[in-house]
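Notes for the one structure printed next.
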Amino acid sequence: MDLVEFFTSNFGEVLFKTRQHFVLVAVSSGIATAIGVPMGIAVVKWKTLRGPILGLANVLQTIPSLALFGFLIPLPFIGGIGARTAIVALIVYGLLPIVRNTYTGITGVDPAVKDAAVGMGMTSSQLLWLVELPLALPIMVAGIRIATVIGVGVATIAALIGAGGLGDFIFRGVSMVDNTVILAGAIPAALMALTADGALHLVEKRLDWRGRGRA
Amino acid sequence: MSEENLAGVEPVVTFAGASYSINGRLLVGPLDFAVSRGETVVFLGESGSGKTTTLRLINGLIHPTEGTVSVNGRQTSAWDGVQLRRNIGYVIQESGLLPHLTVNKNVGLVPKLKGWTPAEIARRVKEMLELVGLSPGDFGDRYPHQLSGGQRQRVGVARALAADPPLLLCDEPFGALDPATRRALQREFKELAHRLDKTVVFVTHDVREALLLGDRVIVLEAGRVRFTGSPQEFSTSDVPAVQAMLGDSWTS
Numbered sequence: 129m130d131l132v133e134f135f136t137s138n139f140g141e142v143l144f145k146t147r148q149h150f151v152l153v154a155v156s157s158g159i160a161t162a163i164g165v166p167m168g169i170a171v172v173k174w175k176t177l178r179g180p181i182l183g184l185a186n187v188l189q190t191i192p193s194l195a196l197f198g199f200l201i202p203l204p205f206i207g208g209i210g211a212r213t214a215i216v217a218l219i220v221y222g223l224l225p226i227v228r229n230t231y232t233g234i235t236g237v238d239p240a241v242k243d244a245a246v247g248m249g250m251t252s253s254q255l256l257w258l259v260e261l262p263l264a265l266p267i268m269v270a271g272i273r274i275a276t277v278i279g280v281g282v283a284t285i286a287a288l289i290g291a292g293g294l295g296d297f298i299f300r301g302v303s304m305v306d307n308t309v310i311l312a313g314a315i316p317a318a319l320m321a322l323t324a325d326g327a328l329h330l331v332e333k334r335l336d337w338r339g340r341g342r343a
Numbered sequence: 062m063s064e065e066n067l068a069g070v071e072p073v074v075t076f077a078g079a080s081y082s083i084n085g086r087l088l089v090g091p092l093d094f095a096v097s098r099g100e101t102v103v104f105l106g107e108s109g110s111g112k113t114t115t116l117r118l119i120n121g122l123i124h125p126t127e128g129t130v131s132v133n134g135r136q137t138s139a140w141d142g143v144q145l146r147r148n149i150g151y152v153i154q155e156s157g158l159l160p161h162l163t164v165n166k167n168v169g170l171v172p173k174l175k176g177w178t179p180a181e182i183a184r185r186v187k188e189m190l191e192l193v194g195l196s197p198g199d200f201g202d203r204y205p206h207q208l209s210g211g212q213r214q215r216v217g218v219a220r221a222l223a224a225d226p227p228l229l230l231c232d233e234p235f236g237a238l239d240p241a242t243r244r245a246l247q248r249e250f251k252e253l254a255h256r257l258d259k260t261v262v263f264v265t266h267d268v269r270e271a272l273l274l275g276d277r278v279i280v281l282e283a284g285r286v287r288f289t290g291s292p293q294e295f296s297t298s299d300v301p302a303v304q305a306m307l308g309d310s311w312t313s
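Just so you know, the protein sequences line up as chains A and B, in that order. At position 78 of the first sequence the residue is numbered 206 (the working numbering), and the sequence of numbers has no breaks. At position 120 of the second sequence the residue is numbered 181 (the working numbering), and the sequence of numbers has no breaks.
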């Protein structure tokens, strides 16, 4: 059976799996951002947290994804079989690039600019909200972009623990030794990764002051 | 919070045996001087002489490790640092503008921090840009990176003046400009500070700038005061540090 034929005769299922996949990635990237950005800010503001948090995020990143899914299954509340466990694992993978880029973005702000802002009478929270975060935003978004693209790939493995998504086609194709079915999962996943990458790259550029005010 | 006002009391800035050390190493001091209202005092010295440290002692970014620094009769350590700084204009080298904000937003920043209404801020920003010779219509919506060095420095001066602070601190504001632009801005700045009756503490390594702008010149070398006097006294001084600077200024 060739690919075009597979897509036309299974259009509904492809759409359904793609949507499942998208929800897994969108929800986990959203939550990873909501956790990772404050963690990144905390790491900048409290130096003692820097080693432990960045270290932990680094270690979590090194756990093979398959093993991480395995570890999570027996855990109460966050574990088990299904999408919830997959989302927890995807958040764990997304954290490092987001925390690290938030930290790098804020600490990379020109000290002379910060000095001027404080010299004009900004409080430390005004410095954060009016100067540091706006200037760090493009780098923070780059971190979210990396986390999301990684998430699209890792989410294919989540099919193994019953989370659904495009991984279902890939694993089905592997067990049937049928490349067409593998591609039915792999191609939409690759397109999703490219689209997310391109869209977030645009956001990143729009937020960068270097491009502002150009006609 | 009560509005702090620096105007009306003399002297505006007083250093009494003030020095600043870090890890036992003296960066500047001991300094003993007073700046009276409307006066321009220029600190002249090489980089590392303690000029910038002296400015940071005035706006409370650092506090003296010995002696006291007072602004408007009150020690800087007794001020709320944020309130103190909002009442002092601060002009620094070109990177001091916030790169992600337009000229209008940069100039209106301190009034905004002080809680002015948008209409008051807009009116004041327009007035300030005209004061420094920039057309509000042409420049207001531009970003700092779309301006020349001289234009950026004009915006920096407009921003420092926006909340009408009686005291201005200037940290080599014209250092990065080409000589012709620098001379023009120095003259305009002098005229402006005089007309608006501002008290100014200015630091520079440029002897000609110091002599042009200063009512009084204080020479710093490795954190220590080597000379204090008027530009006329400076030109005829036999202090070795001054002699060396005068010699250099002819060859540069």
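The C-beta atom is built at its ideal place from N, Cα and C for all residues, glycine as well. Owing to the predicted nature of the structure, the values given are computational and were not obtained by experimental measurement.
Just to confirm my understanding: we take B:Ala77, look at its own chain, exclude 5 residues before and 5 after, and list those with CB closer than 7 Å. What are they? Asp93, Gly128, Thr129
Helix, strand or coil at A:Phe134 [DSSP, three-state]: helix
Any heavy atom of the ligand SAM closer than 8 Å to the beta-carbon of B:Leu228? As presented, the structure is devoid of all ligands, the ligand SAM included, so that no description of it is given.
DSSP three-state assignment for A:Ile191, whether helix, strand or coil: If DSSP states are grouped into helix, strand and coil, A:Ile191 belongs with coil.
Answer yes or no: does any C-beta atom of chain B fall closer than 9 Å to that of A:Trp257? no
State the CB to CB distance for the pair B:Thr126 and B:Ser82, rounded to an integer number of angstroms; the pair is presumed to be in contact (CB under 8 Å). 5 Å
Report the residue ranges of all beta strand (DSSP E) runs contained in full by the stretch 228 to 300 of chain B; include only those spanning at least 3 residues, in chain order. Residue ranges of uninterrupted beta strand (DSSP E) with 3 or more members, entirely inside the stretch 228 to 300 of chain B and ordered along the chain, are 228 to 232, 260 to 265, 277 to 282, 285 to 290.
Report yes or no: do the stretch 179 to 197 of chain A and the stretch 211 to 231 of chain A share at least 3 C-beta pairs separated by less than 8 Å? yes
Quick test of your reading: B:Thr260 and B:Val73, contact by CB under 8 Å. State the CB separation rounded to the nearest angstrom. 4 Å
Going straight from the alpha carbon of A:Met304 to that of A:Ile226, what length do you get? 38 Å
If the criterion is Cβ atoms closer than 9 Å, does the pair A:Gly210 and A:Gly158 meet it? No; because the gap between Cβ atoms is not below 9 Å, this pair is not in contact.
Indicate whether at least one CB of chain A lies closer than 9 Å to the CB of B:Ile153. B:Ile153 counts as touching chain A.
Taking the C-alpha atoms as reference points, what is the distance between B:Thr289 and B:Phe295? In a straight line, the C-alpha of B:Thr289 is about 8 Å away from that of B:Phe295.
Counting Cβ pairs, one atom from each stretch, are 3 or more of them under 8 Å apart for the stretch 142 to 152 of chain A and the stretch 280 to 297 of chain A? yes
Quick check: what's the CA-CA separation for B:Thr163 versus B:Lys187? 13 Å
When DSSP labels each residue in this structure, what does B:Asp93 get in the three-state scheme? strand
Which residues in the same chain as B:Gly121 place their Cβ atom closer than 7 Å to its Cβ, once the five residues preceding and following it in sequence are excluded? The residues are Thr137, Trp140, Gly142, Leu145, Arg146.
Looking at the C-beta of B:Gly157, does it have a partner C-beta in chain A at a distance below 9 Å? yes
Taking A:Ala240 as the query, report the chain B residues whose CB atoms sit under 8 Å from its CB, ordered along the chain. What A:Ala240 touches in chain B, judged by beta-carbon distance under 8 Å, is Ile153, Gln154, Ser156, Gly157, going in chain order.
Could you please tell me which residues of the stretch 211 to 240 of chain B, in chain order, have their CB closer than 7 Å to any CB of chain A? none
Let me know if B:Gln304 comes out buried or exposed under the rule of 16 or more other beta-carbons within 10 Å of its beta-carbon. exposed
Whole angstroms is fine: what's the gap from B:Ala241's alpha carbon to B:Arg185's? Taking the straight line joining both Cα atoms gives about 29 Å.
Taking buried to mean at least 16 other C-beta atoms within 10 Å of its own C-beta, is A:Lys113 buried or exposed? Because chain A is modelled from 129 through 343, residue 113 of chain A falls outside the range shown and cannot be assessed.
In chain A, which residues lie with their C-beta within 7 Å of the C-beta of B:Gln207? What B:Gln207 touches in chain A: Gly341.
Beta-carbon proximity of A:Ile274 to A:Ile169, cut-off 9 Å: It is not a contact, given that the beta carbons lie outside the stated cut-off.
Residues near A:Leu263 by beta carbon distance below 6 Å, same chain, minus five either side: Val237
Tell me which residues share the same chain as B:Asp199 and place their Cβ nearer than 6 Å to its Cβ, disregarding the 5 neighbours each side in the sequence. none
Tell me the DSSP secondary structure of B:Phe104 in three-state form. Strand at B:Phe104.
Kindly say whether A:Thr251, judged by its beta-carbon, lies nearer than 9 Å to any beta-carbon of chain B. The C-beta of A:Thr251 comes closer than 9 Å to at least one C-beta of chain B.
Beta carbon of B:Val152 nearer than 9 Å to that of B:Ala221: yes
Does the CB of A:Met167 have a neighbour CB from chain B at under 9 Å? no
Using a beta-carbon distance cut-off of less than 7 Å, what residues from the stretch 161 to 188 of chain B approach chain A? Listed by position, the residues of the stretch 161 to 188 of chain B near chain A (Cβ gap below 7 Å) are His161, Leu170, Val171, Leu174.
How long is the line joining the alpha carbons of B:Ile123 and A:Gly183, rounded to whole angstroms? 33 Å
Evaluate B:Pro179 with the Cβ neighbour count: other Cβ atoms within 10 Å of its Cβ, from every protein chain shown; 16 or more gives buried, anything less gives exposed. exposed
Helix, strand or coil, according to DSSP, for B:Ile83 in the structure here? strand
Let me know if B:Glu107 comes out buried or exposed under the rule of 16 or more other beta-carbons within 10 Å of its beta-carbon. exposed
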